[in-house]
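For the sequence shown, the residue numbers in my numbering are 2 to 799. Heads up, the beta-carbon is just placed ideally off N, CA and C, and yes, glycines get one too.
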Amino acid sequence: MSDTRPAERYIGQRLRRREDRRLLTGKGRYVDDIRLPDMLHLAILRSPHAHAIITEVDTAAARSAAGVRLVLSGADLAGKLGSIRPNWVLPGSSVPDRPVVAVDRVRFVGECVALAVAQSREAAHDALELIDVGYDPLPVVVDEEAAIADGAPQLHANVRNNITTRYKVGGGDYAAAASQADHVLRLRLVNNRLIPTCMETRAILAAPDDDGTLTVYMGSQVPHMHRRWIAETVGIPEHLLRVVAPDIGGGFGAKMHLYPEELLCAWLALQLGAPVKWWESRSESHQATSHGRAHTEHLEVAIRNDGRILGLKVETLGNVGAYLSNMASGGPTVNTVNFGTGTYRIDNYEAVAKVIVTNTVPVDAYRGYGRPEGAYIAERAIEATARHLGLDPVEVRRLNFVQPSEFPYRPYGSKGVFYDSGNYQGCLDTALAMFDYASRRAEQSRLRADGRYRGIGVAAYTEMCGMGPSRRLGMIGFDRGGWESARLNVDSGGKVTLFSGSMSQGHGHATVLAQIAADALQLPVDHIAVVQGDTRQVQAGHGTFNSRSMAVGGSSVQVCAGRIVAKATRIAANMMEVDEKDVAYDAGRFTVPGTDIAPVTFAAVARMDYVGHALPAGLDPGLDETLFYDPTGMGAPSGVHMAYVEVDPDTGLVEILDYVAVDDAGTIINPLLAEGQIHGGVVQGIGQALFEGVHYDDNGQLLTGSLLDYAVPRADVLPAIRSSFQQTPSPTNPLGVKGIGESGTIGAPPTIVHAVLDALAPFGITHLDMPLTPHRIWAAIQRAVLCHPERSEGSPAA
2 MSDTRPAERY
12 IGQRLRRRED
22 RRLLTGKGRY
32 VDDIRLPDML
42 HLAILRSPHA
52 HAIITEVDTA
62 AARSAAGVRL
72 VLSGADLAGK
82 LGSIRPNWVL
92 PGSSVPDRPV
102 VAVDRVRFVG
112 ECVALAVAQS
122 REAAHDALEL
132 IDVGYDPLPV
142 VVDEEAAIAD
152 GAPQLHANVR
162 NNITTRYKVG
172 GGDYAAAASQ
182 ADHVLRLRLV
192 NNRLIPTCME
202 TRAILAAPDD
212 DGTLTVYMGS
222 QVPHMHRRWI
232 AETVGIPEHL
242 LRVVAPDIGG
252 GFGAKMHLYP
262 EELLCAWLAL
272 QLGAPVKWWE
282 SRSESHQATS
292 HGRAHTEHLE
302 VAIRNDGRIL
312 GLKVETLGNV
322 GAYLSNMASG
332 GPTVNTVNFG
342 TGTYRIDNYE
352 AVAKVIVTNT
362 VPVDAYRGYG
372 RPEGAYIAER
382 AIEATARHLG
392 LDPVEVRRLN
402 FVQPSEFPYR
412 PYGSKGVFYD
422 SGNYQGCLDT
432 ALAMFDYASR
442 RAEQSRLRAD
452 GRYRGIGVAA
462 YTEMCGMGPS
472 RRLGMIGFDR
482 GGWESARLNV
492 DSGGKVTLFS
502 GSMSQGHGHA
512 TVLAQIAADA
522 LQLPVDHIAV
532 VQGDTRQVQA
542 GHGTFNSRSM
552 AVGGSSVQVC
562 AGRIVAKATR
572 IAANMMEVDE
582 KDVAYDAGRF
592 TVPGTDIAPV
602 TFAAVARMDY
612 VGHALPAGLD
622 PGLDETLFYD
632 PTGMGAPSGV
642 HMAYVEVDPD
652 TGLVEILDYV
662 AVDDAGTIIN
672 PLLAEGQIHG
682 GVVQGIGQAL
692 FEGVHYDDNG
702 QLLTGSLLDY
712 AVPRADVLPA
722 IRSSFQQTPS
732 PTNPLGVKGI
742 GESGTIGAPP
752 TIVHAVLDAL
762 APFGITHLDM
772 PLTPHRIWAA
782 IQRAVLCHPE
792 RSEGSPAA
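So, in structure tokens, the structure goes:
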């Protein structure tokens with residue numbers, strides 16, 4: 002193993018993920034793989050009613066069942082556990098109380114009402130069937146518009162009209178813009194409710210030790226935050242609680258929240274003095290793990306005849322389910338309507354958001370959280386403008402884009418939204434060239450004459466990610482900071498262990514963080530080991546969400562490594578008996594340029610630091626640095642995506658023929674893994690656009706309770722996604738990165754919707770809500786043909 006770093010920088014190289022071989026050969030270690038002696042199993046009895054008074058819970062028969070250790074109701078737990086509290090509460094919000102287990106009232110199908118702990122998973126579930134619960138059903142409301150209507154059932158006494166949070170934002174004068182407009186368009190958009198369908202469902206294992214400590218194994222995106230939340234709610238001193246996140250089979254936001262099950266496992270393990278495991282089945286996941294999206298938006302768009310948007314007015318109704326989950330007050334508000342103008346210069350903007358409770362599974366962060374919804378507002382508005390005026394949607398976007406010279410840019414004069422850098426025109430030009438736009442338009446026209454319906458979709462997006470700084474988060478109601486920590490420990494042989502507070506769920510952090518450290522330390526990348534996901538080993542952290550791992554976590558590594566090099570330089574200077582300022586460091590060697598003094602390697606300096614024989618006066622031993630990096634701002638990634646589709650009018654089936662993604666995420670650390678992030682995000686965005694949608698009946702029963710009813714994309718219906726990057730470095734962090742994990746889920750939904758609507762244009766169809774399922778498309782075509790029979794042959798719409 003060479004001590005000399007290759008001449009080429011590691012940042013920008015397409016290194017394969019270190020963990021791939023282990024995971025692909027079945028050597029991964031997930032929570033449910035862990036077996037401990039005397040382990041007990043927890044099963045949860047869940048409410049079959051969406052809204053009801055609990056009149057009784059009879060657990061006597063269940064308690065006497067074979068293999069059962071404990072059976073409890075919500076009343077049994079009252080006063081022994083704290084309530085589940087959200088971590089982001091926007092100022093002015095009304096927060097309903099959420100008990101860990103319902104005591105006297107249930108508010109959604111799937112809410113915990115009782116539990117059983119037994120010697121086997123099967124025995125625990127058998128015991129649930131012996132628990133007799135009496136319910137007195139109450140009126141139900143599942144739709145966000147219905148929930149705020151007069152006479153709607155009220156879910157919580159302290160939440161008036163079912164609205165927990167009201168939020169307004171904007172700038173300019175929308176009313177004046179509308180009065181000057183040639184047209185005012187009105188749209189109603191539905192951003193469909195989704196289920197974060199991770200390959201691995203949630204699982205928890207809590208294990209007490211003889212020394213009074215408790216270890217909780219869980220697939221957590223935020224291990225240190227989970228440690229704090231569990232400690233505070235269960236009443237465990239935080240220093241006695243260890244959270245370990247082993248391999249995680251996907252998170253997408255759903256595994257960063259506080260749920261009843263981790264609290265119950267922790268409390269029960271302490272009470273019973275034995276390990277307690279809970280594992281979530283797929284159907285249970287659909288009603289126990291948070292959902293995503295679930296918005297209705299009402300838009301007014303004031304436009305000129307040339308396609309310029311003069312003003313935009315938005316009302317967002319965000320359905321957050323029965324309770325305010327972890328970040329629920331901020332999703333439909335700050336994260337959505339703040340970004341409603343997208344990549345476009347719309348100076349006159351007026352938006353209001355309402356956060357609404359309903360008798361459904363709580364809704365919280367899901368990949369992008371608010372930014373896909375915000376981009377959808379902007380993109381449907383710009384697309385509707387082009388369609389209404391009969392203009393090329395590409396040129397209407399170009400006309401309205403924020404120009405490169407305007408960065409840094411504050412949309413509509415906002416104080417809270419700040420786009421640090423970008424070049425939307427550049428992304429568009431690259432996408433058009435890759436897509437061969439002019440040729441595709443010509444082909445589309447020829448095929449329409451033959452009765453084939455192809456469509457071209459385009460969408461642009463931007464967002465802010467890498468949440469920070471901490472001071473700003475405090476101002477908008479967060480009970481956490483925006484910093485991230487890194488510790489670099491150099492051993493006596495010059496090898497480095499990096500402890501990062503970020504948390505990988507398949508992102509490849511062990512590879513990319515090592516690339517950052519290797520470049521900063523000028524060492525071979527295989528000299529860097531990466532440790533994450535253990536609160537006993539890793540000093541502190543906020544974990545991974547909001548595309549923050551590189552912008553904040555990576556920057557903490559970069560700055561921390563600089564401190565290691567600075568200290569090592571002082572030691573090397575002392576070893577060579579020269580002034581520190583005369584020492585140069587390159588490729589793992591310290592030299593004194595212009596002299597014949599023999600170079601000193603980084604490994605030799607590490608050894609000298611370890612033995613301490615020749616350290617500068619006043620310098621303590623130890624090449625070991627810990628850094629808490631708090632960002633000064635947030636980066637604003639952006640991009641343009643394009644799709645080419647064909648719609649079969651006889652079946653409504655959509656075939657995606659091509660997909661091009663051009664994304665600007667600033668500096669790209671590892672293009673191979675960045676492409677993987679784009680591909681994964683685009684697939685999830687395609688899922689929202691064409692396949693996925695949660696459905697409830699009027700009684701609050703979940704109709705999409707398993708993968709038999711809830712469709713997700715399959716490989717055989719997906720295109721080859723062609724990806725390219727424009728690199729406009731961010732000035733907000735030392736790496737120049739912006740974040741990339743959410744980009745695909747933001748850009749793909751409007752891109753696919755626009756492509757399908759473009760294909761359906763000959764039928765006069767101008768709007769359909771997601772998901773654009775075959776039945777929904779087919780039904781729209783039938784209605785269009787029934788009203789206008791001349792369109793059945795594909796003649797252009799009047």
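Could you spell out the range, first to last residue, of the alpha helix (DSSP H) harbouring Ser121? Counting along the chain, Ser121 falls outside any alpha helix (DSSP H), and DSSP gives it neither H nor E.
Is the separation between the beta-carbon of Gly636 and that of Asn734 shorter than 8 Å? yes
DSSP three-state label for Ser796, please. Caution is warranted here: a pLDDT of 47 is assigned to Ser796, below 50, making its placement in the model unreliable, and the coordinate value is therefore given only provisionally. Residue state, collapsed to three classes: coil.
Bridge partner(s) assigned by DSSP for Cys428: Cys428 pairs with nothing; no bridge assigned.
Given this structure, state the Cα-to-Cα distance separating Ile529 from Gly482, to the nearest angstrom. 28 Å
Any contact of the stretch 51–59 with the stretch 135–145, i.e. 3+ C-beta pairs under 8 Å? yes
By Cβ distance, which residues of its chain are closer than 6 Å to Val612, with the 5 residues on each side in sequence left out? Shown here for Val612: not one same chain residue has a beta carbon closer than 6 Å to its own, the five before and five after excluded.
Going by DSSP, what residue range makes up the beta strand (DSSP E) through Val655? Val655 to Asp665
Cα-Cα separation between Ser731 and Ser725, rounded to whole angstroms: 18 Å
Reference Arg388; option with closest CA among Asp770, Gly765, Ala780 and His789: Ranking Asp770, Gly765, Ala780 and His789 by Cα distance to Arg388 puts Gly765 first.
Cα-Cα separation between Trp279 and Pro261, rounded to whole angstroms: 11 Å
Work out the CA separation of Arg294 and Arg99 for me, nearest whole Å. About 21 Å.
Less than 7 Å between C-beta atoms, sequence neighbours within five positions excluded: which residues of the same chain meet that for Met226? Non-local C-beta neighbours of Met226 in its own chain, meaning closer than 7 Å and more than five positions away in sequence, comprise Arg481, His543 and Gly544, ordered along the chain.
When the Cα atoms are used, what is the spatial distance from Ala799 to Gly251? In this prediction, Ala799 scores a pLDDT of 34, lower than 50, which makes its location untrustworthy; the coordinate-derived value is nonetheless stated afterwards. Taking the straight line joining both Cα atoms gives about 47 Å.
Run of the alpha helix (DSSP H) containing Arg722, from where it starts to where it stops: In the sequence as presented, Arg is not what sits at residue 722; that position holds Ile. It is not in any alpha helix (DSSP H) - Ile722 instead sits in the beta strand (DSSP E) that spans Ile722 to Phe726.
What does the alpha-carbon distance come out to for the pair Thr570 and Glu581? Roughly 7 Å between the two C-alpha positions.
Is Cys561 buried or exposed, if buried means 16 or more other CB atoms sit within 10 Å of its CB? buried
Can you tell me which of the three DSSP states Arg372 falls into? helix
For Arg108, count the other beta carbons within 10 Å of its own beta carbon; 16 or more makes it buried, fewer makes it exposed. Which is it? buried
Return the residue from the list Ala115, Arg715, Ala662 and Val593 that minimises the CA-CA distance to Gly427. Ala662
Going by CA-CA distance only, name the one from Ala76, Trp484, Gly653 and Ser639 that's closest to Phe419. Ser639
Please classify Gly135: is it buried, with 16 or more other beta-carbons within 10 angstroms of its beta-carbon, or exposed? exposed
Straight-line Cα distance separating Asp127 from Ala67: 10 Å
Could you give the C-beta distance for Val217 and Leu242, rounded to a whole number, given that I count them as a contact under 8 Å? 7 Å
Provide the residue(s) that pair with Phe629 in DSSP beta bridges, ordered along the chain. Ser486
Look at the Cβ atom of Pro772, then the Cβ atom of Phe692, and state whether they are nearer than 8 Å. Yes. Within cutoff.
From this set, Met40, Ala62, Gly29 and Gly93, which residue's C-alpha is nearest Met476's C-alpha? Gly93
Considering Cα atoms alone, identify which of Leu273, Glu384, Ala756 and Val185 is closest to Asp211. The shortest C-alpha to C-alpha distance from Asp211 to any of Leu273, Glu384, Ala756 and Val185 is the one to Leu273.
Please report the residue range of the beta strand (DSSP E) in which Arg564 lies. Where Arg564 is concerned, there is no enclosing beta strand (DSSP E), although the alpha helix (DSSP H) around it starts and stops at Ser556 to Met577.
What does a CB cutoff of less than 7 Å around Ala178 pick up in its chain, not counting 5 residues either side in sequence? Ala303, Leu311, Gly312 and Asn349
Check whether the stretch 332–340 and the stretch 362–372 touch, using three or more Cβ-Cβ pairs below 8 Å as the test. yes
Would you give the residue range spanned by the beta strand (DSSP E) that Arg192 belongs to? The amino acid at residue 192 is misidentified as Arg; the sequence shows Asn. Segment His184 to Asn192, the beta strand (DSSP E) holding Asn192.
Would you say the beta carbon of Ile54 is closer than 7 Å to some non-hydrogen atom of the ligand COA? Among the ligands in the structure shown, none appear at all, so the ligand COA cannot be discussed.
Run of the beta strand (DSSP E) containing Ser744, from where it starts to where it stops: Segment Ser744 to Ala760 is the alpha helix (DSSP H) holding Ser744; no beta strand (DSSP E) there.
What does DSSP give as the partner residue(s) for Ser74 in the beta ladder? Paired residue(s): Ala115.
Supposed close pair Val558, Leu514 - CB separation, criterion 8 Å: 6 Å
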